[in-house]
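Chemist:
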Amino acid sequence: MRRDIEAGADRIVNLSRGALEEAAKIFARLVVLHITASPETLAQRLKHRGREDTGDIAKRLASAQKPLPAGLSVIEIVNDGPLEAAVAKARAALQPDRV
372 MRRDIEAGAD RIVNLSRGAL EEAAKIFARL VVLHITASPE TLAQRLKHRG REDTGDIAKR
432 LASAQKPLPA GLSVIEIVND GPLEAAVAKA RAALQPDRV
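In this text, residue positions in the sequence shown follow the numbering used here: the first is 372, and each later residue adds one.
What follows is the structure, encoded as structure tokens:
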């Protein structure tokens, strides 16, 4: 994948906050698409999934509030509504010439 990117190809990857700073050093054209939701929406979704207990949900909510590393090119999408709306926003951010 790295060779493809160095050759000019675009790729979408899912990175943790901890990996973003290193990725920015490696990839000159890194653009972060930060898809987030309000704490209330995120808590409701996590509870509904039923995979985490209350303590794990609290940890996830705290982690979601941590800032991204400074100096990144970030496009933020708030995903509090219907999935289709968030998908449309992400598509417009990734392919602005096709909207």
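The beta-carbon is built from N, C-alpha and C at its ideal position, and this holds for glycine as well.
Can you tell which of Arg469, Thr407, Arg462 and Leu401 has the C-alpha that lies nearest to the C-alpha of Ile376?
Modeler: It is Leu401.
Chemist: Where DSSP assigns a beta bridge to His405, which residues make up the other side?
Modeler: DSSP lists Glu447 as partners of His405.
Chemist: Would Ile446 and Ala464 be called neighbours here (beta carbons separated by less than 8 Å)?
Modeler: Cβ distance < 8 Å, so Ile446 and Ala464 count as in contact.
Chemist: Report the CB separation of Ile406 from Ala461 in whole angstroms; it is logged as a contact under 8 Å.
Modeler: Sure, about 7 Å apart at Cβ, within 8 Å.
Chemist: According to the Cβ coordinates, are Ile428 and Ala408 closer than 8 Å?
Modeler: No, Cβ-Cβ distance for Ile428 and Ala408 is not below 8 Å.
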